[in-house]
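Top to bottom, those sequences are chains A, B, C and D.
First residue of the first sequence? That's 309 in our numbering, and the numbers climb one at a time after it.
First residue of the second sequence? That's 1165 in our numbering, and the numbers climb one at a time after it.
First residue of the third sequence? That's 1333 in our numbering, and the numbers climb one at a time after it.
First residue of the fourth sequence? That's 441 in our numbering, and the numbers climb one at a time after it.
C-beta atoms are modelled at their ideal positions from N, C-alpha and C, and glycine is treated no differently.
Single-structure report; data block below.
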Amino acid sequence: MTTNTLHSSRFSQLYINRLGLWLFILSESVIFVALLFTRFYLLGVERAPEINQTIGLIITGLLLVSSLTAYRAEVHIAQGNRKAFMNNILATILLGIVFLIGVGIEWSEAFDHFPPGTLFGTVFFTMTGMHAFHVLTGLLLLGLLYLRGTQGAYSKNDYWGAEATIKYWHFVDIVWVFFYPALYLLS
Amino acid sequence: MRRDVIYGGLLWLVLTVICYSLISEFTLFPLTAAHEAETIDESFLFLIQLAIPVFTFVVSVLLYSIFRFRRTGEKSEDGLHIISNKPVTWMWLLITSGLAIYMIIDPGLTGFKKLTANKNVDLVVQVEARKWSWSFTYPQQGITLKDADELILPVNQRILFEISSVDIIHSFWIPAFRMKIDAVPGQLTFMRVTPNIIGSFEDDINLRVQCAELCGTGHSRMRVDLRILTLQEFETWIIEQTTSTD
Amino acid sequence: MKAIYKGIAGALIGFVIGAGGLSLIRILIGLEPWELETGIVVGYLFALCGWLLGVGVWDYWGRGWFGLPLRKYKLTGWRRYFSFDTDHKVIGIQYLFTFLLMMLVAGIFAMFMRTELMDPGRGIMDPKTYNKLMSLHGMFMIAVAITIISGPFGNYIVPLMIGADDMAFPRLNALSYWLTPAVPILLLTSLAFQGWNSGWTGYAPLSVTNETGQVFYNLAFMTLGLSSIVGAVNFLTTVITMRAPGMTWGRLPIFVWSILSTAILSLLATNFVFMVMLMVILDRISGMGFFNPDIGGNPILYQHLFWFYSHPAVYVMAIPGLGITLEVITHFSRKPLFAYRWAVAGFLGIVIMSFTVWAHHMFTSGMPENPLPFMVSTELISIPTGFVFLAALGTIWLGKLWLKTPMLFGLAVIFNFLIGGITGIFLADIPIDLQLQDTFWVVAHFHYTIVGTQIFGLMAAIYYWFPKLTGRMYNERLGKLHFWVMFISFNTTFSPMFWLGINSMNRRVAQYLPEFSMVNTWVTISAFVMGSSFLIFLYNMIYSWIRGSKAGANPWNARTLEWQTSSPPPAHNFATPPEIIGHPYDYGLPGSSHAFFPISGSSGNKQVKD
Amino acid sequence: MNKPSDKKARMRIGWVTFIALGVLTIVEFFISLYIRPSTPYLIVTAVIKGWLIISYFMHIAQVWRRDKDSK
């Protein structure tokens, strides 16, 4: 995040950055805990039977694959293999975009079955919306990463920006790991 | 050092005695009009009695230290190098935990049990709150008072209030009963109480129904009088109501 | 000032982009082009981003995201305080001024409220205006209370105390400050949209059904939350990683521990309130129904989520005040902090337990959940709180009390917090709470804990560190005068409220029964005296800052690190990085030292004068 | 840390984690189809999946392995 030089710390800047990022992720996860709490408080373990299982499974798979490509990107840049890094980032971005399109299709269907004016709709749209918003910010960050990559930034000794973005992307995936069963599978 | 403990202890004793005599001198609580209210006042008084020694202890340590250990003049001088004191800290832990647990059990759990134990009901009153008025329904007698200006209750009857709201959250509070419960839209809340005196708002301001949850512009005036009648008077009143509505 | 102009321009452009883009989308999908509250929310989101980018995020930071060279401005003097400066000392001063100003404004609101309450009927305003004013006072003061110690002194003092040259993330630090001006601006702008009347708690469904001004409250709370999360990440990382060599956890000054505890609470709880505020906004603008009982929503849900943040937030307010109190009491008793480990355990115990007590605000809410566990946990939290009293009382006992103004404020905190704590026990007891909830007892209780602990602690901090911040000494005589006026009038203002509470005067009312008018008149007069005591304070601060005598590096002869450097400290805090060799509070131990400053290149150690 | 064999091992970790996550997702799906009540099982699988991502994709262990870089 920041690259100031510090002379009084016994820790490397990389370590400090990592700790800060983890704390931020911890704090951010609270939003999703609150949403899960809301979901169970209002609905118990009920779910709408009309929910589209096929789309749910497909977008879950997409996000999972994107996590793998993100992971591969990080391994490649740690080895200094920039070309493979860029390709994997690009794949991650594309998968993320397809995920968002999938959510869009799911939303347009959900509007017919349980619009935001119903209880399940309220919970469903807020949870998927909050998650999609994080996917969107993740995509913007990945886009920036790609842009900086084309400018020749990041090497095997200095790829904190890539590492942070990829960690954030994994975090978004974890959220979906909990949201997917909470919205689609519970009964 | 031992002398300081003795003098400090004496100060504590004196302050405690003063405080106890003060609370026995004054009427602490306003009018009570229900059995439950007496239970609550008992817990209240008991907690005050428990709190007094704690309060006077801290105050006497503060006062004694300020007067006895103050530095005079500007000369810099350090106190004793006391980092901690095992017996004192463990005693402190023991006493504070003991007090806390005692408080949980005695006025807390027992008081709660006393309030909720009796589930018998003689009379049901449905209370409906709206911005900014109260409506009362006596379902057994078939009487509804919309936007009432008075709540009428019989004495020595166990009453169950079923409270609901049509718009936002209000709170049904009768100070002389020492109880309140929110009126929440979309659900029913309950309050059980047995009035034990006869009286009305003109006799004492605590005999009133007051909204206690901020509900907008009319919140401060969302209030109706309470009148507690004898059972005969109450039945007469019921008959009057049923005949007048026919 | 240029940064602020750019920030305002950025905010305006952002608003136009956000609101305009929204209108465009609405036209494209065939809706009315403009809907007030949606426009405000989306426009504000972009305006906030524009403001931050304009004020300095773009020049100092954002350009790097696109591979452009950063722009750094070398400003000097007062101009630094109006810019996106990353020096933690500048940010501390910025926080201090912003929030003192907010406190002043909120205090004026309180004076208006008390004037209205002089009269049982209609006084100077109608109930509607009163409700808005009361809500404004509440939310302003909550924002102040959450930030006013950890913002200014956490930023200024903590890096000094742990021997670091700055915070771990200086730019994030500046970001967390520059988020905060949006809070008072939003809250005051709400007045242009009929204000909001749901108090600082903003309970749904009132907050879903009332005027548009409500949205500004929700947005302000979210912005404040964002700022405190960013701050918390920064504090935690700083304290964990930036401690000077030898500064073990056991040697950390107690004030640092209190800020650390606060940061943990902010980090883990704040996003609950962020989410619940968002839910209210969604209910209002998009027809969702979290709190709408007609479709199965539940108003109680609001209270659960809200208090899951807001009760820990109470400790976010109180713990730094207690930390300062212990710090000041130790230095002015010239005696080691008694039972240091217990005090630390007290803070951490409060942190852990504060996540288990939230529903004690809801004993009368009609919640279906069993209230008893919350009564138990609330009464149990008095045990770790008691450790703080143990530390304070153990420290002053047998000490050499130097009764300067900071010490007086510190001792007053003990007294006030004692009353606040004991009266809280009554509220934790369910049967008694059935009577006291929503009465003036609650008002008195939380003013004793927040004002009596935190604002008195703040005053102790300001007087204590004034020489460090300014290099000059305040006027002791005026300081003591301020203390006595404030302490006495504070108690005469709030202690009668306990009587009002027992005698059934409920809170948040503009009009009340005439039986309470005499006590209320007395309270109002006391409140005015208390308010005017701040004039003494302001005069003392301003005059001493300009004309005060030079204070020197260590006027209190204190041992902690911030006093071992010049006043005010140089750009990187210490001429040479310190090494920690002893406990910060070893008063009365001959030959002991907290830190020494090895001179680089030479083997000799320069002993710090103790 | 940057040896080629190291790279192979890290890639393998990535694939194994990915496959494990995929399998668990399928398992979740079938739990929801055939087992009532499914909630406790789903919580367990979700927690396992989350833990897999945190520890193998995000390397949480780095936080408590304080490697000071020698500069």
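Chain-ordered chain C contacts of residue i [CB-CB under 7 Å]
| i | result |
| --- | --- |
| isoleucine 324 (chain A) | Ala1500, Thr1569 and Thr1573 |
| arginine 262 (chain A) | Absent from the model: residue 262 (chain A). The displayed extent of chain A is 309 to 495, so no value can be given. |
| leucine 343 (chain A) | Met1607 |
| alanine 1264 (chain B) | Glu1711, Leu1712, Ser1714 and Ile1715 |
| alanine 461 (chain A) | Gly1399 |
| glycine 425 (chain A) | Gly1619, Gly1621 and Ile1627 |
Residues that residue i contacts on chain A, provided the C-beta gap is smaller than 9 Å
| i | result |
| --- | --- |
| serine 478 (chain D) | Val353, Pro489, Leu493, Leu494 and Ser495 |
| serine 472 (chain D) | Gln361, Pro489, Tyr492, Leu493, Leu494 and Ser495 |
DSSP three-state assignment for residue i, whether helix, strand or coil
| i | result |
| --- | --- |
| valine 1774 (chain C) | helix |
| cysteine 1375 (chain B) | strand |
| tyrosine 1376 (chain C) | helix |
| tryptophan 1298 (chain B) | strand |
| lysine 1344 (chain B) | strand |
| tryptophan 1393 (chain C) | helix |
| isoleucine 500 (chain D) | coil |
| asparagine 1838 (chain C) | strand |
| lysine 1945 (chain C) | Because chain C here runs from 1333 to 1942, residue 1945 (chain C) falls outside it and cannot be looked at. |
| methionine 1457 (chain C) | coil |
| phenylalanine 1622 (chain C) | coil |
| phenylalanine 458 (chain D) | helix |
| alanine 1927 (chain C) | strand |
| methionine 1699 (chain C) | coil |
| leucine 1390 (chain B) | strand |
| proline 1577 (chain C) | coil |
| lysine 464 (chain A) | coil |
| serine 1335 (chain B) | strand |
| alanine 1293 (chain B) | strand |
| alanine 356 (chain A) | coil |
| glutamate 1364 (chain C) | coil |
Contacts that residue i makes with chain B (C-beta to C-beta distance below 7 Å)
| i | result |
| --- | --- |
| tryptophan 1734 (chain C) | Arg1235 |
| leucine 1766 (chain C) | Ile1204, Arg1342, Met1343 and Lys1344 |
| leucine 1921 (chain C) | His1245 |
Rounded Cβ spacing between residue i and residue j (contact assumed at less than 8 Å)
| i | j | result |
| --- | --- | --- |
| phenylalanine 1951 (chain C) | glycine 1346 (chain C) | Given a span of 1333 to 1942 for chain C in the structure shown, any question on residue 1951 (chain C) remains unanswerable. |
| leucine 331 (chain A) | valine 373 (chain A) | That pair is no contact at about 29 Å. |
| glycine 1380 (chain B) | asparagine 1542 (chain C) | 7 Å |
| arginine 1387 (chain B) | cysteine 1375 (chain B) | 7 Å |
| serine 1288 (chain C) | isoleucine 1478 (chain C) | In this structure chain C extends from 1333 to 1942, so residue 1288 (chain C) is not present and cannot be described. |
| valine 1571 (chain C) | valine 1490 (chain C) | 7 Å |
Beta-bridge partners of residue i, as assigned by DSSP
| i | result |
| --- | --- |
| valine 1348 (chain C) | Answer is none; valine 1348 (chain C) lacks a bridge partner. |
| proline 1349 (chain B) | B:Ser1329 |
| arginine 1462 (chain B) | Examination of residue 1462 (chain B) is not possible in this model, given that chain B is present from 1165 through 1410 alone. |
| glycine 1470 (chain C) | Bridge partners of glycine 1470 (chain C): none, in fact. |
| glycine 1582 (chain C) | Its beta-bridge partners do not exist; DSSP assigns none. |
| lysine 1882 (chain C) | C:Arg1804 |
Contacts that residue i makes with chain C (C-beta to C-beta distance below 8 Å)
| i | result |
| --- | --- |
| leucine 447 (chain A) | Result: empty, since nearest Cβ-Cβ is about 14 Å, beyond 8 Å. |
| leucine 455 (chain A) | Phe1398 and Gly1399 |
Listed by chain order, chain A residues near residue i by CB distance under 7 Å
| i | result |
| --- | --- |
| arginine 450 (chain D) | Val383 |
| alanine 486 (chain D) | Val485, Phe486 and Pro489 |
| isoleucine 1561 (chain C) | Ser335 |
Within chain D, the residues that residue i reaches when beta carbons sit closer than 8 Å
| i | result |
| --- | --- |
| leucine 327 (chain A) | Val503 |
| tryptophan 330 (chain A) | Ile500 and Val503 |
Where residue i meets chain E, residues with beta-carbon distance less than 8 Å
| i | result |
| --- | --- |
| valine 1565 (chain C) | Any reference to chain E falls outside this structure, whose protein chains are A, B, C and D. |
| task | With 7 Å as the limit, tell me which residues of the stretch 1458 to 1478 of chain C have their beta carbon closer than that to any beta carbon of chain B; keep them in chain order. | result | From the stretch 1458 to 1478 of chain C, only Pro1459, Lys1460 and Asn1463 have a Cβ closer than 7 Å to chain B.
| request: Select from the stretch 1572 to 1602 of chain C all residues with a C-beta closer than 8 Å to any C-beta belonging to chain A, and list them in chain order. | output: Residues passing the 8 Å Cβ filter: Ile1572, Thr1573, Met1574, Arg1575, Ala1576, Pro1577, Leu1599, Leu1600, Ala1601 and Thr1602.
| task | For the stretch 1734 to 1755 of chain C, enumerate the residues whose C-beta is nearer than 7 Å to any C-beta of chain B, in chain order. | result | Listed in sequence order: Trp1734, Leu1735, Leu1743, Ile1746, Phe1747, Leu1750 and Ile1754.
| field | Under 7 Å (Cβ pairs) to chain C, residues found in the stretch 362 to 385 of chain A | value | Flagged: no residues at all.
| field | Selection of the stretch 1843 to 1859 of chain C by Cβ proximity to chain B, strictly under 7 Å | value | Only Gln1843, Tyr1844, Leu1845 and Glu1847 from the stretch 1843 to 1859 of chain C bring a Cβ to less than 7 Å from some Cβ of chain B.
| message | By the 9 Å beta-carbon criterion, what residues does the stretch 1612 to 1638 of chain C contribute toward chain A? | response | Those would be Leu1614, Asp1615, Ser1618, Gly1619, Met1620, Gly1621, Phe1622, Asn1624, Ile1627, Gly1628, Gly1629, Asn1630, Ile1632, Leu1633, His1636 and Leu1637, in chain order.
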